[in-house]
Every structure is written in C-alpha cells, then in structure tokens.
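Chemist: In the working numbering, the protein residues as written are 148 to 211.
I have a structure I would like to understand better, so I am pasting it below and will then ask my questions one at a time.
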Amino acid sequence: FLAPIHAGDVLTAVSTVVDVYEKPGKRGGSMNFAVIETEYRNQGGTLVARARSVSIETGQVVKD
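Rendered as structure tokens:
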C-alpha cells in the first residue's frame, strides 16, 4: 500500500498491460505472457495501491 485506505473510501482501479512476450513451452507449443499493472486511487485521486500480475496463456502441445 502506498497510502492509508479507510472504511468508506471509494476506490477506483485502472489496469494497464505493460508487457507482452512469448516463450517456448517445456512440452512443446508456446506460452504467451501478459504483465498487467493495476493502480488503485481513492475518491480524492490519491494513489493508494499498485498491483502487478502476470497472465499466462498456453498454446497447443506439438504432437509427433
């Protein structure tokens, strides 16, 4: 947390994709990654929290 959050505060979240990349999978196919950053602001516009997450999408496994 970057600032205190109190009961009754109204929070607004805005998420942004900050990076997208691909890697080969260990069992064939590919893995697509999306790094997402979410900023949380209170009713006064003060940035109170920031979160970062990674979503992974796996592709089809290559079969012989």
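Glycine included, each C-beta is placed from N, C-alpha and C at the ideal position.
Can you give the beta carbon distance from A154 to Y187, rounded, assuming they're within the 8 Å contact cut?
Modeler: Residue 154 sits at position 7 when you count from the first residue of the sequence shown. Residue 187 sits at position 40 when you count from the first residue of the sequence shown. Not confirmed; about 15 Å, so no contact.
Chemist: Check each candidate in S200, R199, T205, L194 and name the one with the smallest Cα separation from V157.
Modeler: Locating residue 157 in the sequence shown gives position 10, where the first residue counts as 1. Sorting S200, R199, T205, L194 by C-alpha distance to the C-alpha of V157 places L194 at the top.
Chemist: What are the start and end residues of the beta strand (DSSP E) that includes D166?
Modeler: For this step, residue 166 is matched to residue 19 along the sequence shown. Note, D166: beta strand (DSSP E), 159–171.
Chemist: Where V164 and L149 are concerned, what is the direct C-alpha to C-alpha distance, given to the nearest angstrom?
Modeler: Within the sequence shown, residue 164 is the residue found at index 17, counting from 1. Within the sequence shown, residue 149 is the residue found at index 2, counting from 1. Each residue's Cα considered, the two are about 21 Å apart.
Chemist: Measuring only the C-alpha atoms, how far is V167 from V182?
Modeler: Here residue 167 corresponds to residue number 20 of the sequence shown, with the count starting at 1. Here residue 182 corresponds to residue number 35 of the sequence shown, with the count starting at 1. About 6 Å.
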